[in-house]
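Asks: The numbering of the sequence shown is numbering that gives the first Met the number 0, which starts it at 0 and goes up by one.
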Amino acid sequence: MIIDSKGNLFGTTEDGGKGCVIGCGVVFRVDPSGRETVAYSFSGGSDGGHPEAGLIGDAHGNVYGTTVNGGDPACDCGTVFMLDREGNETVLHAFIGGNDGAVPLAGLIRDSMGNLYGTTFYGGPSNNGTVFRVNPSGKETVLYAFKDFEDGWNPFAGVIAVGNALFGTTYGGGIHGGGTVFKLAANGKTILHNFDGINNDGTSPKGLLVYKGALYGTTTSGGGFTCNCGTIYRLDTSGETILHSFTGPDGTNPEAGLVRDEAGNCYGTTLEGGTGFGTIFELDTEGNETVLYSFTGGADGALPRAGLIIDKAGNLYGTTSIFGSHNGGTVFKLTR
0 MIIDSKGNLF GTTEDGGKGC VIGCGVVFRV DPSGRETVAY SFSGGSDGGH PEAGLIGDAH
60 GNVYGTTVNG GDPACDCGTV FMLDREGNET VLHAFIGGND GAVPLAGLIR DSMGNLYGTT
120 FYGGPSNNGT VFRVNPSGKE TVLYAFKDFE DGWNPFAGVI AVGNALFGTT YGGGIHGGGT
180 VFKLAANGKT ILHNFDGINN DGTSPKGLLV YKGALYGTTT SGGGFTCNCG TIYRLDTSGE
240 TILHSFTGPD GTNPEAGLVR DEAGNCYGTT LEGGTGFGTI FELDTEGNET VLYSFTGGAD
300 GALPRAGLII DKAGNLYGTT SIFGSHNGGT VFKLTR
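1. What does the Cβ neighbour count give for A156, buried or exposed, with the cut at 16 atoms within 10 Å?
2. Drop a sphere of 10 angstroms on the beta-carbon of V29, count the other beta-carbons inside from all chains shown, and report buried for 16 or more, exposed for fewer.
3. With 16 other CB atoms within 10 Å as the buried threshold, where does E261 fall?
4. T278 and T289: beta carbons closer than 7 Å?
5. In this structure, does DSSP put K5 in helix, strand or coil?
6. Determine the extent of the beta strand (DSSP E) in which M81 is found, giving its start and end residues.
7. Alpha carbon to alpha carbon, how far is I159 from K311? Give it in angstroms, no decimals.
8. Once DSSP output is grouped into helix, strand and coil, what is the label at R304?
9. Give the straight-line distance between the Cα atoms of Y316 and N98, rounded to the nearest whole angstrom.
10. Considering only C-alpha positions, which residue in the set H49, F276 and G306 is nearest to G296?
11. Do K205 and A356 have their beta-carbon atoms positioned less than 7 Å apart in this structure?
12. In this structure, does DSSP put R109 in helix, strand or coil?
13. If you measure between the beta carbons of A93 and G117, is that distance less than 7 Å?
14. Considering only residues of the same chain and omitting the five flanking positions on each side of P303, which have a CB-CB separation below 6 Å?
15. Taking Cβ to Cβ, would you say Y39 is nearer than 7 Å to L82?
16. Which of the three DSSP states is assigned to L282 in this structure?
17. Which residues bound the beta strand (DSSP E) around R335?
18. Which residues in the same chain as C359 place their Cβ atom closer than 6 Å to its Cβ, once the five residues preceding and following it in sequence are excluded?
19. Looking only at its chain, what residues have a beta carbon closer than 7 Å to the beta carbon of T12, apart from the 5 residues adjacent to it on each side?
20. For G56, which residues from the same chain have a beta carbon less than 6 Å from its beta carbon, with the 5 sequence-adjacent residues on both sides left out?
21. State the Cα-Cα distance for the pair L291 and E281, rounded to the nearest angstrom.
22. Compare the beta carbon distance of G177 and D150 with 7 Å and say whether it is the shorter of the two.
23. Just tell me which of S293, T225 and T217 has its CA closest to the CA of C265.
24. So, for A52: in the same chain, excluding its five sequence neighbours on each side, which residues have a beta-carbon less than 6 Å away from its beta-carbon?
25. Let me confirm a value: Y210 is counted as buried when at least 16 other C-beta atoms fall within 10 Å, else exposed. Which label applies?
26. Using the rule of at least 16 other Cβ atoms within 10 Å of the residue's Cβ for burial, across every protein chain shown, is N68 buried or exposed?
27. Which class does N68 belong to by DSSP, given the choice of helix, strand or coil?
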């Protein structure tokens, strides 16, 4: 999700809405009082369907995102879209499933020139996924296509920009098969770390953030054979450091990346663990993990797949994928 200056939250749902048999997903707004408005309902056709990632915004009130289906009718491989403040959608690029990529599972980032950057899970010459750019006029350029197993494959998360380089992860592949962290710059692509799941290393990495020159991220699995519940790690020029390995009661299988507050503390979610329905956690600057909230699977929801956002007061916002008062998931706020 994203939050605007008035405290309105904007996000997506994978299903529901007016399109398709079960609904092809929506873009929604939740105001500070908790009132939800559907800003756009996907039809599953040329406009796209089933957005699985969050949104980004610009100074004009437009939001940008991806859908994993819809777009080109011959492929149904997903789109990059813009939605203006009046609720009018524009498909900036429809993937055709060839060299341009297919199935963008992650969200986007946007540079000062209005270019959008993201990843596709499939597509490219080897069908192992791509890193792409879409300019303001809708022209897509593949910046990198993943080649083979050792190169890493299937980027599940998006990319972040640091200086003139992009950093990201692949969910699988690499020399050990557990995924990679990579850097993409003008001089080419470099693998910064190969996950192996050995000696408490994680596997299947998700999103990244950068703080004081180091990369921080999560892995969905790995972290020791006792639980295989995932990790939080730091990666810098000296190598990888495991900051925390999840054990079950403190959370299991983080499916999203992290956010940081001004003091340097990290916050995130785990899909399961805690009381069995997922957690919200804090990792302080000393590496101590605290479960801030364990979902009960009732009206508060369960299984938070997405990450968190943080406001200026330090409050955390996120979503759960199931349950809640109507069994369709929830939007929540955790007051700090």
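The C-beta atom is built at its ideal place from N, Cα and C for all residues, glycine as well. From a predicted model like this one, the values you see are computed outputs, not experimental measurements.
Replies: Here's the rundown:
1. buried
2. buried
3. exposed
4. No, they are not a contact pair.
5. coil
6. T78 to L82
7. When only Cα atoms are considered, K311 and I159 end up about 21 Å apart.
8. coil
9. 37 Å
10. F276
11. Past the edges of the chain, shown from 0 to 335, lies residue 356, and the structure says nothing about it.
12. strand
13. Cβ atoms of A93 and G117: not closer than 7 Å.
14. T268, G277, G317 and T319
15. yes
16. In the structure shown, L282 sits in a strand (DSSP, three-state: E or B).
17. Unbroken run through R335: none, as it is neither H nor E.
18. Outside the displayed span of the chain (0 to 335) sits residue 359, for which this structure offers no information.
19. G24, V25 and F27
20. Excluding residues within five positions, the ones whose Cβ falls inside 6 Å are I1 and V62.
21. 7 Å
22. no
23. T217
24. Once the five neighbours on either side are set aside, the close Cβ partners of A52 are T65, A105 and G106.
25. exposed
26. buried
27. Of the three classes helix, strand and coil, the one that applies to N68 here is strand, per DSSP.
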